[in-house]
Every structure is written in structure tokens, then in C-alpha cells.
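Residue numbers (the numbering used here): 646 to 1098. Here's the structure we're looking at; comments come further down.
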């Protein structure tokens, strides 16, 4: 019976869900058993004939999660049940060497690494794809002057494309972060009960190296019974960090879609309903979904940090919650990436509204450039600042166009000609280095992300 939305398929792709299915977890752990047995047989820890037989049984596809659950009901130990189930598929002379020198967390932690490995194979190209889409949008909208807002107030003029460039650059950085953290988090551990490799002795390090290579993981440098949980915390943190960048984008889209602003809108499909009560509404529900899931994703970070300090060589206070946070973090981010990619790809940009919003303040958005013009005429900055502010406040109170108020004030008309004042009030002239910045970001994103898609 499905209870949670990630159980009934509301959130997360089938591809991602499969990684965390019960049977897939069993298959991962059987791969570890097979790889360990073969590696041990190659260097003489167990009989040479045994390794391949264990590997064959482990890869037979005949060991099911259902059977393991039946055995676990008796032993109350999931790893013991898996080992017993594997033993059932092996001959009598092979059975003593199954799981030799290993402990439960050799399977649990290494299979966690395998899940993280495969989850990142799904996540990384989606992050890269979104970065490329954002970069394309940045270039497309590079020449559109728009309101730049700080503190929720009109501040100065921005290239509308610069918004997308900022997002594209950060998604590209996430691709770099994913690449960099793999060697720290995708760890193979086969060093037994307390991390000494006790039963295998000095050869245990070589066994672990071989197993790691077979599983496309990195061998642990040192462990207790478990892989240090700093590794898991970094993984969950990075997924949450990506999610928070997605939320940053979502919040801007939600704000720009507000009726009072109206510069962008999520695609509204034919037949879609925005409100059950108000037929005319077009709500940014997909962006709101991203914001909502981001909050849940970030909450996993705190739990992962709580799991770092454990008793001695380990305890079980991390175990139960990791069964939630590792799948949940990956599934939520996968859903968020899918959603945001659709939002950005189909985003409706209202260029007329972007331009008209520039003049809501009757030209006061150009005050930065008026101040600059006075300074260049030799007026001390703070004298000029007070005059610019004074006339702006007076013009607002009287409902005047800022340009007209300036022309009528001697502090300005004595220093600037009407032609010079008119030239200031042209938004296309005030995009600064936006085009250069956007082009540089686009080149960087193309170089960094195309290889990952």
C-alpha cells in the first residue's frame, strides 16, 4: 500500500525510483558479495574455485527481496537473511566462504555508494541540461532592458538575460561540484567488523581495491565499521544545494509572474485549470512545487549532519533514518530538476511588460545615471546625491515625470542641457557589460556542461 507521494509515483522518475527499489538494493549487495569472493579467490584468501561460483550465484537473478524478507522474519537481520539466501543457491563446499571477512555494513555502505553513484548518473546530466537551457535563454534576452530590483524596490536597469546567466552559471558550478565530490563519497568498504580487515589480514586492502575497481567506486582509506558519515552529509548537502538554486529560480519566476509585475508566466496548457473557484487565474504551480520540495530536501541535511558523530566504531542511531534520507534526497531533486527544466523551456516572457515596468516610477529608475552626469560636471557626489533625491521625492509627490522635474530645477538645468538630460533616459544605453558577461557565461557553460549531457 502506497502512503507517501514518492511511493505512489507522484514525485520522481521511474528511472530514479528503480535505483532505490527493494530488489535493486538486493542486487547491489549481491554484486558486492560476488566481487568480494572473486577478489579474495584471486589472491588466495579463499579457494580459487569458489569465487566464480559465488559470483555466478550472486548474478543468477534468482535471489529475491521476497525470499530475503521471509528469512529476515526469522533472523531479524536483513544482511544475514541476504547471505543465507545466497547460500541457498550455492553448493555445500562453497557456502563456508560466502561473506568471508565481511560485515553487514560492508554491504550496506558500499551498496549506498552504488545507489549514490547511479543517482548522480541521472542527476548530473539533468543539471548540465538545465544550465545549457538557461544559458540559451540568457543570450536570447540579453538586449532587453528590465527593472533590476533590490529589497523588492526598483533599483536600476538590468539586462533581462542577466537573470538567466546568473542561474546558468550556478547550475554549471553544480556540475563541477558533482564531479569533484565523487571521489569523496562513492566509497567501497570491505574491511570487516571494525575496519581492520581482521580475517583477511594484510591482504584485505588489496581485496578492497579490487572490489572497488569492479564496482566503479573508490576504495576507502580508513573506516570504522562504517564509512565516515561526513561523506553522506556532503552528498546530501550538495543535492540540497542544487535544490536551493532551483528554488531561487522558482521564487524569481513566481515573483515576476505576480499580476502587478507580469514579466513572465509558466506555460498554461489548453484545458488547464488555475483555480477551482476563479476561472481566470493562471497560478505558477510548478514553481511553487519546486519551492515546496526544496524545503523538504533541505531538511534532510540536518539529519545527515546528526549522523556524523556515532559511538566508538559505530552504533545504529544513523541506520534507520538513512533508509529515508538517501533515497528521499535523490528522488526529490530528480523531480525538481524535471519540473524546472520544463518551466524554463516553456517560460513565457512578456517583453512589452518588461519594458513598461521600467517606467512605473516615471523615470526615477534612471536616477543613478542622472547622479553620474552631475558628478562628471564637477558637482561633489553628496551635493549631487541630495539634489537627485530631493527632486525625485518632489516629482513623486506631484506625480511628475522625473525627466521633466529635472529640466525645471536649476540644480540640473544650470549644469545639463535638455539634450544631455534626454540622452540619459534611454534604457538600452545602461546595460553596462551585460552582453560581455552573458557571452562569457554562455561560453563557460557550453564548455563545462555539454560533455555531461
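All C-beta atoms in this analysis are idealised placements derived from N, C-alpha and C, irrespective of residue type, glycine included.
In this structure, the CA atom of residue 931 is about 11 Å from the CA atom of residue 992. Annotation for residue 1097: 769, 770, 773 and 820 place their beta carbon closer than 6 Å to its own, counting only its chain and skipping 5 residues before and after. With 16 or more other Cβ atoms inside 10 Å of its own Cβ, residue 870 counts as buried.
Residue 973 holds the alpha-carbon nearest to the alpha-carbon of residue 666 among 691, 1090 and 973. Taking a 10 Å sphere around the C-beta of residue 724, we find 16 or more other C-beta atoms and assign the residue as buried. In the three-state reduction of the DSSP assignment, residue 1056 falls in the helix class, which pools H, G and I. Burial is judged here by how many other beta carbons sit within 10 angstroms of a residue's own beta carbon; residue 682 has at least 16 and is buried.
One alpha carbon belongs to residue 761, the other to residue 739, and they sit about 31 Å apart. With fewer than 16 neighbouring CB atoms inside 10 Å of its own CB, residue 720 falls in the exposed class.
Setting aside the 5 residues that flank it on each side, residue 934 is surrounded in the same chain by 984, each with a C-beta closer than 7 Å to its C-beta; the list follows chain order. The C-beta of residue 939 has 16 or more other C-beta atoms within 10 Å across all chains shown, which makes the residue buried. Cβ contact annotation for residue 1003 (same chain, cutoff 8 Å, sequence separation greater than five): 790, 791, 792, 802, 1010 and 1072, in chain order. Setting aside the 5 residues that flank it on each side, residue 907 is surrounded in the same chain by 995 and 998, each with a C-beta closer than 7 Å to its C-beta; the list follows chain order. Each residue's CA atom was taken as its position, placing residue 694 and residue 701 some 12 Å apart. Counting along the chain, the unbroken alpha helix (DSSP H) around residue 819 starts and ends at 805-830. For residue 794, the enclosing beta strand (DSSP E) begins and ends at 790-795.
For residue 1016, the enclosing alpha helix (DSSP H) starts and ends at 1012-1021. CA-to-CA, the gap between residue 1088 and residue 714 works out to about 53 Å.
DSSP places residue 890 in the uninterrupted alpha helix (DSSP H) bounded by 875-901.
Of the residues 911, 883 and 882, the one whose Cα lies closest to the Cα of residue 896 is 911. Residues of the same chain with a CB within less than 7 Å of the CB of residue 805, apart from the 5 flanking positions on each side, are 786, 789, 791 and 999 in chain order. Going by beta carbons, residue 716 and residue 730 fall inside the 8 Å limit. The beta carbons of residue 884 and residue 942 sit closer together than 8 Å. Taking the CA atoms as reference points, residue 947 sits about 43 Å from residue 697. Taking the Cα of residue 686 as reference, the smallest distance to any Cα among 699, 963 and 970 is reached at 699. The beta carbons of residue 754 and residue 834 sit closer together than 8 Å. Cβ contact annotation for residue 735 (same chain, cutoff 6 Å, sequence separation greater than five): 702, in chain order.
Residue 910 is bridged by DSSP to 993. Distance from the CA of residue 1031 to the CA of residue 1014, rounded to the nearest whole angstrom, comes to 14 Å. The way I'd put it, the region 704-712 doesn't touch the region 806-813; fewer than three beta-carbon pairs between them come closer than 8 Å. Counting the other Cβ atoms within 10 Å of the Cβ of residue 890 gives 16 or more, which makes it buried. Taking C-alpha positions only, residue 951 is separated from residue 745 by approximately 32 Å.
Between residue 898 and residue 988 a beta carbon distance of about 7 Å is seen, short of the 8 Å cut, so the two are scored as contacting. Exposed is the label assigned to residue 741, since fewer than 16 other Cβ atoms lie within 10 Å of its Cβ. Straight-line measurement puts the Cα of residue 763 at about 12 Å from the Cα of residue 670.
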